[in-house]
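Here's the structure we're looking at; comments come further down.
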Amino acid sequence: MVNLNRLFPFKESDIGRFKSQAASSIFGCEYSTKDLLSFDTCEISKFDCIILAVDNVETRMHLNLLFKQSTCRYLLDCGVVGDSAHALITDKNNFCLYCIKELYDTSQNLNLCTLKYLHKHINKENRFEMLKSYVGYYRNLGLEPREIVQKFNQKSSLPATFEEVKHLFENIIPSICYVNSICASFVVSLLENKIDGNFILYNGNQGISIQSLRLERDPSCFLCKF
Numbered sequence: 001m002v003n004l005n006r007l008f009p010f011k012e013s014d015i016g017r018f019k020s021q022a023a024s025s026i027f028g029c030e031y032s033t034k035d036l037l038s039f040d041t042c043e044i045s046k047f048d049c050i051i052l053a054v055d056n057v058e059t060r061m062h063l064n065l066l067f068k069q070s071t072c073r074y075l076l077d078c079g080v081v082g083d084s085a086h087a088l089i090t091d092k093n094n095f096c097l098y099c100i101k102e103l104y105d106t107s108q109n110l111n112l113c114t115l116k117y118l119h120k121h122i123n124k125e126n127r128f129e130m131l132k133s134y135v136g137y138y139r140n141l142g143l144e145p146r147e148i149v150q151k152f153n154q155k156s157s158l159p160a161t162f163e164e165v166k167h168l169f170e171n172i173i174p175s176i177c178y179v180n181s182i183c184a185s186f187v188v189s190l191l192e193n194k195i196d197g198n199f200i201l202y203n204g205n206q207g208i209s210i211q212s213l214r215l216e217r218d219p220s221c222f223l224c225k226f
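Okay, so the sequence shown: first residue is 1 according to full-length UniProt numbering, each after it adds one.
So, in structure tokens, the structure goes:
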């Protein structure tokens with residue numbers, strides 16, 4: 001289950017199609033165009049295993065709750081931030097994502113795909129993250145900084161300046177393909193039980209570091225108590 005872009009070898013012929021539709025034609029599988037936040041327990045129960053590749057904590061926690069309530073056996077979560085990547089696997093007898101919620105970066109800006117359906121009110125707390133999302137989204141549509149300023153200020157009572165949009169416009173860097181490949185290999189290794197642990201982390205910010213850990217359930221987690 002994914003709400004990210006730049007994941008599949010899209011072609012010019014895919015223009016106008018849903019990303020999930022284009023991907024399913026490559027892999028020969030079923031697809032859905034539903035908002036992940038509208039999925040329910042019955043839909044999750046159709047699967048033995050779900051793999052999350054999403055860009056925000058809100059979606060993770062929603063699907064984590066559905067997993068706990070469903071008959072699905074395994075939950076994998078993976079993600080990339082800059083030159084770092086993580087992947088984990090769990091089941092009903094082990095930790096859930098709420099147990100380890102502190103590990104997720106809640107300040108990370110929303111991906112341009114999420115921006116399309118998370119109609120959040122822009123306030124002092126989320127303004128900078130939302131501004132980064134606007135810049136990333138509209139830059140990919142070919143808009144220039146001054147046009148992005150106008151788009152953002154139409155929706156926000158906390159206006160953006162040309163200078164801050166120009167800075168973000170020139171410095172937002174998408175996930176690097178080789179880090180995505182490392183992350184994907186972690187997922188496969190966890191599925192094949194080739195990793196000693198249930199959580200693996202790659203850090204390429206300073207040299208190369210790979211750590212595998214065994215995470216435990218938080219005894220105070222209210223979800224795991226039910």
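Built from N, CA and C at the ideal position, the CB exists for glycine as well. Just so we're clear, the structure is a prediction, and the values are computed from it rather than from any experiment.
message: Let's test the definition: count the other Cβ atoms within 10 Å of the Cβ of Gly136 and tell me whether it reaches 16, buried, or not, exposed.
response: Counting from one through the sequence shown, the residue named residue 136 turns up at place 136. It counts as buried.
What is the rounded straight-line gap between the Cα of Phe47 and the Cα of Arg73? As a position in the sequence shown, residue 47 is number 47, starting the count at 1. As a position in the sequence shown, residue 73 is number 73, starting the count at 1. Whole-angstrom Cα-Cα distance: 8 Å.
- To the nearest angstrom, report how far apart Phe18 and Tyr31 are at their CA atoms. Working through the sequence shown from its first residue, we reach residue 18 at position 18. Working through the sequence shown from its first residue, we reach residue 31 at position 31. About 10 Å.
- If you pair each beta-carbon of the stretch 159–167 with each one of the stretch 58–65, do three or more pairs fall below 8 Å? no
Evaluate the contact criterion for the stretch 73–92 versus the stretch 21–41: three or more CB pairs, one atom per stretch, below 8 Å.
Because the criterion of three Cβ pairs below 8 Å is not met, the stretch 73–92 and the stretch 21–41 do not touch.
Original post:
With a Cβ-Cβ cutoff of 8 Å, do Lys132 and Cys96 count as a contact?
Top reply: Walking along the sequence shown from the start, residue 132 turns up at place 132. Walking along the sequence shown from the start, residue 96 turns up at place 96. Not in contact: Lys132 and Cys96 (Cβ atoms no closer than 8 Å).
- Spell out whether any CB of chain D is found under 8 Å from the CB atom of Leu215. The structure shown contains no chain D, having only a single protein chain.
Practice task
Let me know if Leu103 comes out buried or exposed under the rule of 16 or more other beta-carbons within 10 Å of its beta-carbon.
Solution key: As a working mapping, residue 103 is identified with position 103 in the sequence shown. Leu103 comes out exposed.
Q: Just mark Asp55 as buried or exposed, buried being the case when its beta carbon has 16 or more other beta carbons within 10 Å.
A: Along the sequence shown, one-based indexing puts residue 55 at 55. When all chains shown are included, Asp55 counts as buried.
Q) Does the beta-carbon of Cys49 have 16 or more other beta-carbons within 10 angstroms, so that it is buried, or is it exposed? A) One-based indexing of the sequence shown puts residue 49 at position 49. Exposed, by the Cβ-count rule.
Cut-off 8 Å between Cβ atoms - residues of its own chain near Lys225, not counting five sequence neighbours on either side: On the sequence shown, position 225 is the one that residue 225 refers to. Close CB contacts of Lys225 within its chain, under the 8 Å cut and outside five residues either way in sequence, are absent.
Just list the residues that DSSP pairs Gln211 with in beta bridges.
The sequence position of residue 211 within the sequence shown is 211, counting from 1. DSSP lists Leu201 as partners of Gln211.
Point to revise | Alpha-carbon to alpha-carbon, Leu215 and Thr33 | key: The residue you call residue 33 lines up with position 33 of the sequence shown. The residue you call residue 215 lines up with position 215 of the sequence shown. The alpha-carbon atoms of Thr33 and Leu215 are separated by roughly 33 Å.
Review point. Which value, in whole angstroms, describes the spacing of the CA atoms of Gln150 and Asn140?
Key: For the purposes of this step, residue 150 is taken as residue 150 along the sequence shown, with counting starting at 1. For the purposes of this step, residue 140 is taken as residue 140 along the sequence shown, with counting starting at 1. Taking the straight line from one Cα to the other gives about 16 Å.
Exercise for review: Could you tell me the distance, in whole angstroms, from the CA atom of Met130 to the CA atom of Glu192?
Suggested key: Numbered from 1 along the sequence shown, position 130 holds the residue referred to as residue 130. Numbered from 1 along the sequence shown, position 192 holds the residue referred to as residue 192. Approximately 38 Å between the Cα atoms of the pair.
Exposed unless 16 or more other CB atoms sit within 10 angstroms - verdict on Gly79: Start at 1 with the first residue of the sequence shown, and residue 79 comes out as number 79. Label assigned to Gly79: buried.
key: Spatially closest choice to Leu65 from Gly82, Lys101, Ala85, Phe199, by CA coordinates   = For the purposes of this step, residue 65 is identified with residue 65 of the sequence shown, where counting begins at 1. Taking only the C-alpha atoms, the option nearest Leu65 is Lys101.
Identify whether His62 lies in helix, strand or coil by the three-state DSSP scheme.
-> Taking the sequence shown and counting its residues from 1, the one referred to as residue 62 is at position 62. Three-state result, His62: helix.
With distances taken from CA atoms, which of Asn126, Ile210, Phe10 is nearest Ser156? As a working note, residue 156 is residue 156 in the sequence shown. Of Asn126, Ile210, Phe10, the residue nearest in Cα terms is Asn126.
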